[in-house]
Every structure is written in C-alpha cells, then in structure tokens.
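Residues in the sequence shown are numbered consecutively from 5, following the numbering used here. Built from N, CA and C at the ideal position, the CB exists for glycine as well. This report refers to the structure that appears directly beneath it.
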Amino acid sequence: ATKVQLQLGGGLRSPHLIREALDLGFARAVIGTAAAVDPGFVPEMLGLVDAAHLAVGIDSRDGLVAVRGWTETSTTRAEDLARRVVQAGIETLVYTDIARDGMLSGPDLAGAVSMNIFGAQVIVSGGVAGSGDVRAICRAGLGGVIVGRALYEGQLTLSEALRAAVCSPSL
Numbered sequence: 005a006t007k008v009q010l011q012l013g014g015g016l017r018s019p020h021l022i023r024e025a026l027d028l029g030f031a032r033a034v035i036g037t038a039a040a041v042d043p044g045f046v047p048e049m050l051g052l053v054d055a056a057h058l059a060v061g062i063d064s065r066d067g068l069v070a071v072r073g074w075t076e077t078s079t080t081r082a083e084d085l086a087r088r089v090v091q092a093g094i095e096t097l098v099y100t101d102i103a104r105d106g107m108l109s110g111p112d113l114a115g116a117v118s119m120n121i122f123g124a125q126v127i128v129s130g131g132v133a134g135s136g137d138v139r140a141i142c143r144a145g146l147g148g149v150i151v152g153r154a155l156y157e158g159q160l161t162l163s164e165a166l167r168a169a170v171c172s173p174s175l
C-alpha cells in the first residue's frame, strides 16, 4: 500500500490553524495571505514547525500577490515575496498565476521559473491543459504540478500525468 501525503491550504492564517492541520495528519500546510501581509509570520511559523511541513502559496495577478482568497491584490511583487520567504527558510513554494487557473491555457512557466531562482522547490498551479504542460514543468526543473480542470474534463488522465512527470530537466 502507498501512503498518500496530503497538503492543506486556504485560510490558514494563524499558528493555531496550521498546528491543527499538521496535528490532523496533513504532511504540509500551505500559507498564503499571512505570509504576504505579515513579514514576521513565516519566521514565527518556522520557529514552531519544521520547514518540511510548510509551503508558501504565491498567487499572482499580473505579477503582484493576490490575497484573501484572491479578492484583493497587494502591492507586493510575487518575486519579492518568494525571495523574502525563502531567505526566512521556506523550502517549498506553490506558484499560481490566477488568470490561468481553470482556463486550460497552459501554466505560467516563465513566472514559475522566476520563483525557482531563490533555491526553493516550486510547485506550479493554474492553466495545466495536458501532458505537454506537465512535461514542460518537469523539464524546467520545477518541483511539481497541481492539476485540476484537465483531470476533471478528461483532457489528462492521472497515468498520463505521472508518465509526463518523469523527465530529465533541461539545462
């Protein structure tokens, strides 16, 4: 049997909620708004929880970080948030170009790669339409991919996605 590791994100804006998620058995908590609006939040959390159990979700709208469930756009550039949280000790970023989310228009590979320069694993979300997108993410040396609508609508099967994710990153 395979043990599936789950991560939880969305609305985790306090140490209590993050601790509760991890205590329930989630392998990783993804924090977004709290990391974007409070520069001290990530260092505080890393004092309480191992970095392996945290990721920062960077939801980008035209290069700026969207917060509070994408209802507001901050003045923080996505790259600046990535740099700040990785320097604080975060090892995993989940990057979403929200204009592409659910659109099957292809992921923002350039935006994701721009996050990759800071040394964290970057998981790409938003816009994935098929196995070619998964392969491109893999070849770019990014850490992972989140696929939604392409699976729901049958444009991509799980087995196709898994096959496409086995690659040699381009140099």
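If you draw a straight line from the alpha carbon of Glu-157 to that of Ala-169, how long is it in whole angstroms? Between Glu-157 and Ala-169, the C-alpha separation is close to 20 Å.
Along the chain, which unbroken stretches of the alpha helix (DSSP H) at least 4 residues long are found entirely within the region 28 to 66? As summarised for the region 28 to 66, the continuous alpha helix (DSSP H) elements at least 4 residues long and confined to that stretch are 37 to 41 and 45 to 52, given in chain order.
Exposure of Ser-64, with buried meaning 16 or more beta-carbon neighbours within 10 Å: Counting every other CB atom within 10 Å of its CB across the protein chains shown gives Ser-64 a total of 16 or more, marking it as buried.
Between Val-89 and Val-128, is the Cβ-Cβ spacing less than 8 Å? No.
Residue interval of the beta strand (DSSP E) (run including Val-132): DSSP places Val-132 in no beta strand (DSSP E); its state is neither H nor E.
Along the chain, where does the alpha helix (DSSP H) that runs through Ser-163 open and close? DSSP places Ser-163 in the uninterrupted alpha helix (DSSP H) bounded by 162 to 168.
Skipping 5 residues on each side, what residues in its chain have a beta carbon closer than 6 Å to that of Asp-190? Outside the displayed span of the chain (5 to 175) sits residue 190, for which this structure offers no information.
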